[in-house]
Amino acid sequence: MNAAARIEAILIVSPRPVSLRALSRAADLPEPETREALEELARRYSPESSGVVLRHVAGGYQLATNPACARYVESFREVARPAPLSAAAYEVLATVLYMGPITRGGISAVRGVNSDAVVRSLVDRELLREVGRDEEAPGSPALLDVTEEFLTAAGAEGREDFPPLDELVSAEELERVRERVVRSGREAG
Amino acid sequence: MFTVELDVYAGPYDLLLKLIMREELEVFEVPLRRLVELYRSTHLAPDLERDTEFADSATALVLLKSRLLSPLLEPAEAGEEAPLLSPEELAGRLKEYLKIRRAAERLADRFKANAGYHPSAVSLPPRRERLAISRGRLLETARRVFSRAPEPQTHHLGPITVTVQELAALIEAALTRGPRSFDEIVSGMDRLRTAVAFAAALSLSSEGRLNLLQSEPLGPITLEPRP
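Each protein sequence line maps, in turn, to chains A and B.
Just so you know, we're using the working numbering here: the first sequence kicks off at 53 and counts up by one.
Just so you know, we're using the working numbering here: the second sequence kicks off at 88 and counts up by one.
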């Protein structure tokens, strides 16, 4: 059986992304050949012509349905998509993504509001998980980080897929914030 | 019933309050001005009691929101003034928060764009590392399990048929006509009731409501009401 067929067969039974190394091992192929097979599969499973597409997410490869066919898949499965996350949940995820691993207290400090309830729901949804403890902090609180499910849901291969935090807000915008706050502080004083 | 339609919630107002109080919905996500506008557009005719109740709860929400949104959220230690941030420090914090806020918006867009992918529905057994347990956690669990006291056997105990309170009332009633011997009070009682009556007598004695008199060890006991 050719390389692409082997890789295709492995991916079709895996709901989670499979790393290049795991694919090579399972398909008994050297990594360069596995990579070539993946390129062939990417062409075959093109979003323009196929109901199934090849994704490169969370450090691995995954076959998934084409989002253009989502309504038909969801109608067939008779299940609604999970409720979208709240704005607070996205803030917590962004905090952990850019500053993690981080404690619950650290998240709350960044957001300026207690975030324990939001963190709990994100852990339940497997978008965050505890990855260790901050041994230097009193009580050794748990450190949280984003999960493979998070990267898959965000369509990201890894953390490097996200733009640097400092590029998200322009220097002019930040300066406007500073000026406004300092001016209102002077007026209040 | 006042029903609200907001981006973050749609349903009865009472339930909205409960969700906020139970921290299942964050108050800063609730646009309070919109809430007041909805109330005013729903209830055109004044009703003092209803309007007062709404004003009361809305004020509580405003206070809660302002407290949560204040720049320094960690409560000060008792007797300690909450430290004030300088405008520059506050600006610094807001700038960091603004970046996170913007990152969250980008993230929401990414999640939305990727929500339509459905992977294989085949279910696989859990990954090996997810079944793993650290040595420390295993030791802690074992310590808890093995140090747990065994459940005492209670099958030989019958249902409770008499209480200390009942027999304390009986003793007090018996002493209204003066001192009585314990044997006299418990005459005709079975072992269980006699034992509970003794516990009731000790309890009344410790409360200062009677004296227990015994002239010699193992001798008869006399119960004497205290004035």
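Virtual Cβ for every residue (Gly too), placed ideally from N, Cα, C.
Every value quoted in this text rests on a predicted model; they were computed, and no experiment measured them.
{"Item": "Which residue from B:P266, B:R296, B:R278 puts its Cα closest to that of I308 of chain B?", "Value": "B:P266"}
{"Item": "When you compare the CB positions of Y113 of chain A and L81 of chain A, do they come within less than 8 Å of one another, or not?", "Value": "no"}
{"Item": "Is V315 of chain B near L279 of chain B, with beta carbons less than 8 Å apart?", "Value": "Only positions 88 to 314 of chain B appear in the structure, and residue 315 of chain B is not among them; the question remains open."}
{"Item": "For R129 of chain A, tell me which candidate among A:A140, A:S138, A:L137, A:T117 has the shortest Cα-Cα distance.", "Value": "A:T117"}
{"Item": "Output, in chain order, the set of chain B residues within a Cβ distance shorter than 9 Å of P67 of chain A.", "Value": "P206, S207, A208, V209, S210, L211"}
{"Item": "With three or more beta-carbon pairs closer than 8 Å as the criterion, would you say the segment 159-176 of chain A touches the segment 215-232 of chain A?", "Value": "no"}
{"Item": "Just verifying my parser: in three-state terms, what is the DSSP assignment at N118 of chain A?", "Value": "coil"}
{"Item": "Would you identify the three-state DSSP class for P162 of chain B, choosing helix, strand or coil?", "Value": "Unreliable placement is indicated for P162 of chain B, whose pLDDT of 45 sits below 50; the coordinate value is still reported in the next sentence. Coil."}
{"Item": "Rounding to the nearest angstrom, what Cα-Cα distance links D168 of chain A and A146 of chain A in this structure?", "Value": "15 Å"}
{"Item": "Would you tell me roughly how many angstroms separate the C-alpha atoms of G207 of chain A and R197 of chain B, rounded to the nearest one?", "Value": "7 Å"}
{"Item": "For E60 of chain A, which residues of its own chain have a beta-carbon under 7 Å away from its beta-carbon, when the five flanking residues on both sides are left out?", "Value": "L93"}
{"Item": "Note down the Cα distance separating L297 of chain B from E253 of chain B, rounded to an integer number of angstroms.", "Value": "16 Å"}
{"Item": "Give me, in chain order, the residues of the same chain whose beta-carbon lies closer than 8 Å to that of S292 of chain B; leave out the 5 immediate sequence neighbours on both sides.", "Value": "N298, L299"}
{"Item": "Terminal residues of the continuous beta strand (DSSP E) containing R27 of chain A?", "Value": "Residue 27 of chain A is absent from the model: chain A starts at 53 and stops at 241."}
{"Item": "Taking all protein chains shown into account, decide if R224 of chain B is buried (16 or more other Cβ within 10 angstroms of its Cβ) or exposed.", "Value": "exposed"}
{"Item": "Have a look at the DSSP bridge pairing and note the partners of Y126 of chain B.", "Value": "Answer is none; Y126 of chain B lacks a bridge partner."}
{"Item": "Since E91 of chain A meets chain B, which of its residues come closer than 8 Å, beta carbon to beta carbon?", "Value": "Chain B residues near E91 of chain A: none, gap ~20 Å exceeds 8 Å."}
{"Item": "Please classify H205 of chain B as buried or exposed, where buried requires at least 16 other C-beta atoms within 10 Å of its C-beta.", "Value": "buried"}
{"Item": "Which residue wins for smallest C-alpha separation from T90 of chain B, given the options B:I107, B:L122, B:L106, B:E116?", "Value": "B:L122"}
{"Item": "Indicate whether at least one CB of chain A lies closer than 8 Å to the CB of K105 of chain B.", "Value": "no"}
{"Item": "Could you tell me which chain A residues have their CB closer than 8 Å to the CB of G98 of chain B, listed as they occur along the chain?", "Value": "Within chain A, no residue comes near G98 of chain B; the closest Cβ sits about 14 Å away, beyond 8 Å."}
{"Item": "For chain A, find out if any of its Cβ atoms is closer than 8 Å to the Cβ of E167 of chain B; answer yes or no.", "Value": "With a pLDDT of only 47 at E167 of chain B, under the threshold of 50, the placement of this residue in the model should not be trusted, and no figure is reported."}
{"Item": "Along the segment 103-130 of chain A, where does the CB come closer than 9 Å to a CB of chain B? Name the residues.", "Value": "V105, R107, V109, Q114, L115, A116, T117, N118, P119, A120, C121, A122, R123, V125, E126, R129"}
{"Item": "Could you check whether the segment 131-141 of chain A touches the segment 178-185 of chain B, counting it as contact only if at least three pairs of C-beta atoms, one from each stretch, sit closer than 8 Å?", "Value": "no"}
{"Item": "Roughly how many angstroms lie between the CA atoms of T86 of chain A and A74 of chain A, to the nearest whole one?", "Value": "10 Å"}
{"Item": "Could you pull out every residue in the same chain whose Cβ sits closer than 6 Å to the Cβ of T204 of chain A, ignoring the five residues on either side in sequence?", "Value": "V109, A110"}
{"Item": "8 Å is my cut-off, CB to CB: does L81 of chain A come that close to chain B?", "Value": "no"}
{"Item": "Is the CB of S98 of chain A under 8 Å away from at least one CB in chain B?", "Value": "no"}
{"Item": "Output needed for S144 of chain B: all residues of its chain with C-beta closer than 7 Å, excluding positions within five of it in sequence on either side, in chain order.", "Value": "L104"}
{"Item": "What residue range does the beta strand (DSSP E) around L92 of chain B cover?", "Value": "Inspection of the sequence shows that residue 92 of chain B is occupied by Glu rather than by Leu. Its beta strand (DSSP E) spans residues 90-92."}
{"Item": "Keeping to the same chain, check which residues put their C-beta closer than 8 Å to that of E164 of chain B; ignore five residues upstream and five downstream.", "Value": "With a pLDDT of only 45 at E164 of chain B, under 50, the local geometry of the prediction cannot be trusted, and no value is derived from it."}
{"Item": "Please return the same chain residues whose Cβ sits closer than 7 Å to the Cβ of D186 of chain A, not counting the five positions on each side in sequence.", "Value": "T155, S192, P193, L195"}
{"Item": "Roughly how far, in whole angstroms, is the beta-carbon of P69 of chain A from the beta-carbon of V209 of chain B, given that I think they are within contact range, below 8 Å?", "Value": "With a Cβ gap of about 14 Å, P69 of chain A and V209 of chain B do not count as contacting."}
{"Item": "Give me the residue from B:L194, B:E192, B:A284 with the minimum Cα distance to A260 of chain B.", "Value": "B:A284"}
{"Item": "Please name the residue or residues paired with S268 of chain B in a DSSP beta bridge.", "Value": "B:T309"}
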